[in-house]
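Reading through the structure tokens given below for one structure.
Chains as they are written, first to last, in my numbering: chain H, 167 to 305; chain W, 4 to 404.
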């Protein structure tokens, strides 16, 4: 499976061995590129629970493909969300179901962000993404 | 000159974390353990495990003696009159649940349980759920600006309908000693049972339950440099007699038949099932270790570390301390910086501090905060740990601002 262009870009940027400062700066830059959600979209229905930061996730299913948009009040988490969306946006439900996101964040040198003790919200976002896509899954 | 803990080398865990590049400043969540405790844990298992209070054989007798000797040590540590006033539970949280179930039969609809706004979930949720089961009123004592329970308002809120008064000695978020003498007196004047959450308090200095005069005192082993899986409940004798049994099975029974049973009094009657034998024995070793330290030197070291922590936090712009911490820990937020971002960057730099709501969600909500960073100290921390923390904090803030 070919990587989406955004994912190729992410891999090129994060895939090399980075120091923590460079990685943090990059994450914040990616977070700033995340298109902002509207006030209406930052609503309770779109809230992802189980994070200590506020996170919203909006999913659209069009032409068999999924498009997600997400936002958070925490900057580094916004960066993580941007990296997630770069990998999953435009995939079909079937592709989404088989994708290994642990491996994806591992390739970016961010595996620890998915550890079970983390309450940064990334795990909760993945869980929510699975719920949203499972409900509407069209084979 | 940097503060050096003379006890640091007694704690293999803090040395191992240090060697790994981790600066451990989360002792209020759980403490590292002294070598003496590790030896006791291994010694019990390697020397031959056996169940307690059941068998007449030698290993069983040896385990039972060691187990009961820990009860003596805990009683001495807390200055309880008798070891039989100490009940071993699986955690402090379990001890609060024991109380909430054990006292349920005494409470009638419309009566009050009084807690404070700063309680840890462990001293909130069991009472909240009890209040819901029995249609009681859960009264929450408000705090003043510095994070102390407001005595004047408490005097107005604790009244003749108050049956239980359950308060923390030292908040795990705000780090200041509560005026328990005055507060417990208010409860006792109304005939209420008094419960003290000593989970944080017991770790700093020695506390005397007789002087404190509470009916129950709850704490956990793992914060007191002992193993996890062990909680402690002290009770005044008449107060223990008021508890109904709540967990059944094992050696808590005196006579059992198919259709009925009679149960033992405290402490064994409240220790259903096989207790955490190794943990209890190892806690005894931790208490032996602690009792052999120069208490004044420990207190002076902790006070000096805490002063260094506060000075460093106050020297930086935009930092808001939660309350007015006087011991053990400090929680803070930084203006214009998200708590999660700061936590992320401290973690990246190997600083192990706690971020979030600290199991006190209602308190954080009341302070208008989604979360905070908490730095907490153990007797093994050095000034250098704090210097590393502040260097990392400055780096993180520089990146985020």
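Note that the Cβ used here is the ideal one computed from N, Cα and C, for glycine as well.
Here the structure is a predicted model, which means the values were calculated and not measured.
Check: Taking one C-beta from the segment 250-258 of chain W and one from the segment 266-281 of chain W each time, how about it: are there three or more such pairs within less than 8 Å?
Finding: yes
Notebook entry, point to check: Given a limit of 8 Å on CB to CB distance, which residues of the segment 171-190 of chain H reach chain W?
Noted result: 186, 187, 189 and 190
Checklist line | Chain-order list of residues whose beta-carbon lies under 8 Å from that of residue 134 (chain W) (same chain, five-residue window excluded) | finding: 116, 140 and 141
Checklist line | Residues of its chain near residue 99 (chain W), where Cβ-Cβ distance is below 7 Å and the 5 sequence neighbours each way are ignored | finding: 125, 126, 129 and 221
Notebook entry, point to check: Rounded to whole angstroms, how far is the Cβ of residue 154 (chain W) from the Cβ of residue 185 (chain W), which I believe are closer than 8 Å?
Noted result: 6 Å
Next item on the list: With a 10 Å radius around its C-beta and 16 neighbouring C-beta atoms as the bar for buried, classify residue 181 (chain W) as buried or exposed.
Entry: buried
Next item on the list: Tell me, please, whether the CB atom of residue 240 (chain H) is closer than 8 Å to any CB atom in chain W?
Entry: yes
Item checked: CB-CB length for residue 199 (chain W) against residue 215 (chain W), believed under 8 Å -> 7 Å
Next item on the list: Examine chain H for any beta-carbon lying closer than 8 Å to the beta-carbon of residue 373 (chain W), and answer yes or no.
Entry: yes
Margin query: Quick check on residue 209 (chain W): buried or exposed, where buried means 16 or more other Cβ atoms within 10 Å of its Cβ?
Written below: exposed
Next item on the list: Please report how far the alpha carbon of residue 66 (chain W) lies from the alpha carbon of residue 167 (chain W), in whole angstroms.
Entry: 37 Å
Next item on the list: Can you give me the Cβ contacts of residue 276 (chain W) inside the same chain, cut-off strictly under 6 Å, excluding the 5 residues immediately before and after it?
Entry: 252 and 253
Check: Is residue 88 (chain W) buried or exposed, if buried means 16 or more other CB atoms sit within 10 Å of its CB?
Finding: buried
Check: At which residue ranges does the segment 174-208 of chain W contain complete beta strand (DSSP E) runs of 3 or more residues, listed in the order of the chain?
Finding: 196-200
Margin query: Any beta carbon from chain W within less than 8 Å of residue 281 (chain H)'s own beta carbon?
Written below: no
Check: Alpha carbon to alpha carbon, how far is residue 202 (chain W) from residue 77 (chain W)?
Finding: 14 Å
Notebook entry, point to check: With 16 other CB atoms within 10 Å as the buried threshold, where does residue 226 (chain W) fall?
Noted result: buried
Note to self: Tell me the DSSP secondary structure of residue 187 (chain H) in three-state form.
What the structure shows: helix
Note to self: Using CA atoms only, rank isn't needed, just tell me which of W:230, W:373 and W:393 is closest to residue 317 (chain W).
What the structure shows: W:393
Notebook entry, point to check: Looking only at C-alpha atoms, which of W:26, W:102, W:32 and W:81 sits nearest to residue 230 (chain W)?
Noted result: W:32
Next item on the list: Report yes or no: is there a C-beta of chain H within less than 8 Å of the C-beta of residue 352 (chain W)?
Entry: yes
Notebook entry, point to check: When the cut-off is 8 Å and only beta carbons count, does residue 198 (chain H) lie next to chain W?
Noted result: no
Checklist line | 8 Å Cβ cutoff met for residue 286 (chain W) and residue 72 (chain W) | finding: no
Notebook entry, point to check: Distance, Cα to Cα, residue 63 (chain W) vs residue 241 (chain W)?
Noted result: 31 Å
Note to self: I want to verify the contact list: residues of chain W whose CB lies under 8 Å from the CB of residue 218 (chain H), in sequence order.
What the structure shows: 342, 343, 358, 359, 360, 373 and 374
Notebook entry, point to check: Who are the near neighbours of residue 224 (chain H) in its chain, counting only those whose CB is closer than 6 Å to its CB and skipping five residues on each side?
Noted result: 207, 212 and 235
Item checked: Buried or exposed by the 16-neighbour rule on C-beta atoms within 10 Å, applied to residue 161 (chain W) -> buried
Checklist line | Other residues of its chain near residue 75 (chain W): CB distance less than 7 Å, five sequence neighbours each side excluded | finding: 86
Next item on the list: Kindly identify the DSSP beta-bridge partner or partners of residue 233 (chain H).
Entry: H:226
Margin query: I'd like to know whether the C-beta of residue 305 (chain H) is nearer than 8 Å to at least one C-beta of chain W.
Written below: Note that residue 305 (chain H) scores 46 on pLDDT, short of 50, meaning its location in the model is unreliable; the coordinates nonetheless yield the value given after this. No, its Cβ sits nowhere closer than 8 Å to a Cβ of chain W.
Check: By how many angstroms is the C-alpha of residue 179 (chain W) removed from the C-alpha of residue 386 (chain W)?
Finding: 21 Å
Next item on the list: Please report how far the alpha carbon of residue 54 (chain W) lies from the alpha carbon of residue 280 (chain W), in whole angstroms.
Entry: 8 Å
Notebook entry, point to check: What does a CB cutoff of less than 6 Å around residue 305 (chain H) pick up in its chain, not counting 5 residues either side in sequence?
Noted result: Interpretation of residue 305 (chain H) is limited by its pLDDT of 46, a score under 50 that renders its predicted location unreliable; no figure is taken from the coordinates.
Notebook entry, point to check: When DSSP labels each residue in this structure, what does residue 109 (chain W) get in the three-state scheme?
Noted result: helix
Check: Where does residue 415 (chain W) fall in DSSP's three states?
Finding: What the structure shows of chain W is the stretch from 4 to 404, and residue 415 (chain W) is not part of that stretch, so it cannot be assessed.
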